[in-house]
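To start, the structure under review is shown below, and the notes come after it.
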Amino acid sequence: MALSPLLLLSGGFALIVAGSSLFTRSLERTVLRFFNNKNRGLRILGNISLSLPELLLPLIAFLAPGAGTSRVEAGTGAIFGPPLFLLLFLFPLAFFLTQRESQSLARELPLLLGGVALGLLLFDHSLILRLILSLFLAGLYLWGLFSTVDHEEVQEEESGSPWGILDALSVAGGSLLMGGGSQLFLVGIDHLRSSHGISPFWSALILAPLATEAPELLTLLHFLKRRSMSEGLAILWGSIHLQTTLSIAMGLVASPWRGSQAARSAGETLLLLLGALLLLSWKRGRSLPKTPSRP
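Counting the sequence shown from 1 gives a position; my numbering is that position plus 12.
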């Protein structure tokens, strides 16, 4: 008996969230153990553990054996959907940015806007040009990561016990669950198209963020409950930065990168929101009093 699209999507959602939670448990200990820069470690934690589903879902869509037009459209929707979704949550928090955070965003956003705009211009262009842009976006991601300024040091006692076999099993098991959940989610999107005629692009654009961004939102809620606004912003911006660099870079080289009208509209909306965030960060960076340096 064929499973319903709702059951497939729900099962994929559950596996992605469970896998991400399992992956995060061990990765947090790994980051705290081996990284002295707390802010950079937090960004790496958010990128690797929380954003892995956003990278896996389109990659599986593009590289699955026999992937057709519907899978390519679903993969493209899964690239643009998550950053659009997270920006809706980042904007209210952006009104509480400190001057240092505003200046950091104002430094990263212009290059990010240029990369996304070029990505839209290269729809239906040659692989060589797309490969050059993908290398630029990968470099932009690394630049943003390694230019992260640290303001606190991680205490040695926070690192916990040494990384061991259970941590390795958690990382491997979490990765398998997220990969299996992504595949199940894509099958559910395929069934929506075949049984109800729903566009795979719009299905992925709207539904994929609900599954892949659940870990980020749960982590954000955790930090907000602790009144740790800076940590919550770091998690959200780190995820958005990865999704608008590495995810787009992956789409440029792993897919035909064909731009339907829906894909172009989603990309233009993403540019609009990033531009508005840049204006807000500029305004706050100039109007706020200088944040005193920590000793």
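Note that beta-carbon positions come from the ideal geometry of N, C-alpha and C, so glycine has one too.
In this structure, the straight-line span from the alpha carbon of L132 to that of S187 is close to 30 Å. Around the beta carbon of F197, a 10 Å sphere encloses 16 or more other beta carbons of the protein chains shown; the residue is thus reported as buried. Per DSSP, the unbroken alpha helix (DSSP H) holding W249 starts and ends at 241 to 255. By the CB criterion at 7 Å, L245 and L69 fall outside the cutoff. A distance below 7 Å separates the beta carbons of L141 and L134. Annotation for F101: L229, L232, L248 place their beta carbon closer than 8 Å to its own, counting only its chain and skipping 5 residues before and after. Residue state for I177 is assigned as helix, using DSSP reduced to three classes.
Of the residues assessed, S207 falls on the exposed side of the cut-off, its CB having fewer than 16 other CB atoms within 10 angstroms. Scanning M190, A118, F108 for the CA closest to the CA of A26 turns up M190. Cβ atoms of Q255 and P95 come within 8 Å of each other, at about 4 Å. Listed in chain order, the alpha helix (DSSP H) runs fully inside the region 62 to 148 are 64 to 75, 81 to 106, 111 to 133, counting runs of at least 4 residues.
In the DSSP annotation of this structure, the continuous segment of the alpha helix (DSSP H) that includes P221 starts and ends at 212 to 224. Setting aside the 5 residues that flank it on each side, L21 is surrounded in the same chain by F197, G200, L219, each with a C-beta closer than 7 Å to its C-beta; the list follows chain order. A contact between stretches requires three or more CB pairs, one per stretch, nearer than 8 Å, and the region 83 to 93 meets this requirement with the region 262 to 272.
Here Q195 has I72 as same chain residues with Cβ atoms under 7 Å from its own Cβ, once five neighbours each way along the sequence are excluded. By the C-beta density criterion, E280 is exposed, having fewer than 16 other C-beta atoms within 10 angstroms.
Secondary structure at R270: coil, using DSSP grouped into helix, strand and coil. One Cα belongs to L258, the other to A216, and the distance between them is close to 18 Å.
In this structure, V183 sits away from F92, with a CB-CB distance that is not shorter than 7 Å. Taking 7 Å as the cut-off, the Cβ atoms of L290 and L109 do not count as close.
Assignment of G156 by DSSP, reduced to helix, strand and coil, places it in the helix class. In the three-state reduction of the DSSP assignment, S16 falls in the coil class, being assigned neither a helical nor a strand state.
By the neighbour-count definition (other C-beta atoms within 10 Å, threshold 16), A278 is a buried residue. S240 is positioned such that its CB atom lies no closer than 7 Å to that of L98. Assigned with DSSP and collapsed to three states, G209 falls in coil, not helix or strand.
Sixteen is the threshold: since fewer than 16 other Cβ atoms of the shown chains lie within 10 Å of the Cβ of T81, the residue is exposed. G287 and Q273 have their alpha carbons spaced roughly 21 Å apart. In this structure, G126 sits away from H253, with a CB-CB distance that is not shorter than 7 Å.
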